[in-house]
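A.B. asks:
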Amino acid sequence: MTGESNPKLYVLLDQASLESVKAASGKEFQLLNPDRHKDRILKSGIDVSTVRPDIAHQCLLMLLDSPLNRTGKLQVFIRTRKNVIIEVNPKTRIPRTFDRFCGLMVQLLHKLSIHAEGGNREKLLKVVKNPITRHFPIGAPIIATSFSAKEQIKPLQLAESTQKSGPQSVVIIIGALAHGSIVDTCKEFLQRTVSISNFPLSAAQTCSRICTAFEELWGVEDILSEKTTTPVDVCT
């Protein structure tokens, strides 16, 4: 079999609730979230339960901490509900606390990029151009996860099914939302929709299971430690 010499897993966190709004004081911007802006959300007619920026935070922590990412085999993108696309450098160390994460996202949405801390000016987070498909590898299978999908498959079997013609990069789309489906937002380029559990999973749990499957398939634990990526703090 032939294939790519260094295949990667591309994860798109789709329909993330990341939106900047003016604070009540009018002097600064904040990330829209129900803890601070419940009244504003209700007045706008939006279902409060759909405004969950914490989901993207949880997913990013899980993904960027994974051995798959530390060995250079993961690339993460975020697409917000307002169709803003964010590219996440694998070296990025996402803030552990939610408040700091919110501040970081507001800064990113206004400045369009976030650099590494210190003398290194490498971009760790940046807003990139649409459409999202321009950032996917040519020919890579594009698969969405959904609890309601007709095709049920275990994560490792899913990973194996994408590599039958040899090692190749894969795009997995995971909804960064509390409930609902991202299938309609991806239907123009989606090739396959699968359910990886008999139970409804959180987005972070889905990320974990998918990463673990590809780590096992690609033998990530056997990769020498000197080849791993060292996380870099963002400049805030």
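If you want my numbering, it's the 1-based position in the sequence shown plus 53.
Heads up, the beta-carbon is just placed ideally off N, CA and C, and yes, glycines get one too.
In whole angstroms, what separates the C-alpha of Ala257 from that of Ser78?
C.D. replies: On the sequence shown, position 204 is the one that residue 257 refers to. On the sequence shown, position 25 is the one that residue 78 refers to. The straight-line gap from Cα to Cα measures roughly 34 Å.
A.B. asks: Please go through the same chain and pick out, in chain order, the residues whose beta-carbon is closer than 6 Å to the beta-carbon of Met54, but skip the five residues on each side of it.
C.D. replies: Residue mapping note: residue 54 aligns to position 1 of the sequence shown, counting from 1. In this prediction, Met54 has a pLDDT of 47, which is less than 50 and means its spatial position is unreliable; what the coordinates show is noted afterwards. Answer for Met54: Gly219, listed in chain order.
A.B. asks: Which residue spans inside the region 59 to 111 form an unbroken beta strand (DSSP E) run of at least 3?
C.D. replies: Taking only runs of at least 3 residues, the beta strand (DSSP E) segments lying wholly in the region 59 to 111 are 62 to 69, 73 to 75, 82 to 84.
A.B. asks: Taking Ser70 and Arg105 to be in contact with their CB atoms under 8 Å, please state how far apart those CB atoms are, rounded to whole angstroms.
C.D. replies: On the sequence shown, position 17 is the one that residue 70 refers to. On the sequence shown, position 52 is the one that residue 105 refers to. With a Cβ gap of about 5 Å, Ser70 and Arg105 count as contacting.
A.B. asks: State the DSSP-derived secondary structure class of Arg149, mapped to helix, strand or coil.
C.D. replies: As a position in the sequence shown, residue 149 is number 96, starting the count at 1. In this structure, Arg149 counts as coil in the three-state DSSP scheme.
A.B. asks: Taking the Cβ atom as the reference point for each residue, do Gln210 and Ser248 lie within a distance shorter than 8 Å?
C.D. replies: Position 157 of the sequence shown, counted from the start, is the residue given in the question as residue 210. Position 195 of the sequence shown, counted from the start, is the residue given in the question as residue 248. No; because the gap between Cβ atoms is not below 8 Å, this pair is not in contact.
A.B. asks: Measure the Cβ-Cβ separation of Gly228 and Gln68 and say whether it is below 8 Å.
C.D. replies: Numbered from 1 along the sequence shown, position 175 holds the residue referred to as residue 228. Numbered from 1 along the sequence shown, position 15 holds the residue referred to as residue 68. Yes. Within cutoff.
A.B. asks: Can you give the beta carbon distance from Leu161 to Ile139, rounded, assuming they're within the 8 Å contact cut?
C.D. replies: In the sequence shown, residue 161 corresponds to position 108, counting from 1. In the sequence shown, residue 139 corresponds to position 86, counting from 1. Rounded, the Cβ-Cβ distance is 7 Å, consistent with contact.
A.B. asks: How close, in whole Å, do the beta carbons of His188 and Phe130 come, if the pair is a contact with beta carbons under 8 Å?
C.D. replies: In the sequence shown, counting from the first residue as 1, residue 188 sits at position 135. In the sequence shown, counting from the first residue as 1, residue 130 sits at position 77. With a Cβ gap of about 6 Å, His188 and Phe130 count as contacting.
A.B. asks: Straight-line CA distance for Met115 to Lys176?
C.D. replies: Counted from its first residue, the sequence shown places residue 115 at position 62. Counted from its first residue, the sequence shown places residue 176 at position 123. In a straight line, the C-alpha of Met115 is about 21 Å away from that of Lys176.
A.B. asks: If you follow the beta strand (DSSP E) that Arg132 is part of, which residue opens it and which one closes it?
C.D. replies: Locating residue 132 in the sequence shown gives position 79, where the first residue counts as 1. That run of the beta strand (DSSP E) goes 127 to 133.
A.B. asks: Going by DSSP, which residues form a beta bridge with Val287?
C.D. replies: Translated into the one-based positions of the sequence shown, residue 287 becomes position 234. Ala169, per the DSSP bridge assignment.
A.B. asks: Please name the residue, chosen from Lys207, Thr198, Ser222, that lies closest to Ile191 on a Cα-to-Cα basis.
C.D. replies: Against the sequence shown, residue 191 aligns to sequence position 138. Of the candidates Lys207, Thr198, Ser222, the one whose C-alpha sits nearest the C-alpha of Ile191 is Ser222.
A.B. asks: Measure the Cβ-Cβ separation of Ile185 and Leu62 and say whether it is below 8 Å.
C.D. replies: The residue you call residue 185 lines up with position 132 of the sequence shown. The residue you call residue 62 lines up with position 9 of the sequence shown. Result no, Cβ atoms of Ile185 and Leu62 do not sit closer than 8 Å.
A.B. asks: How should Ile108 be labelled, buried or exposed, when 16 other C-beta atoms within 10 angstroms of its C-beta is the threshold for buried?
C.D. replies: As a position in the sequence shown, residue 108 is number 55, starting the count at 1. Buried, because 16 or more other Cβ atoms sit within 10 Å of the Cβ of Ile108.
A.B. asks: Look up Arg187 in the DSSP assignment and say whether it is helix, strand or coil.
C.D. replies: Against the sequence shown, residue 187 aligns to sequence position 134. Helix.
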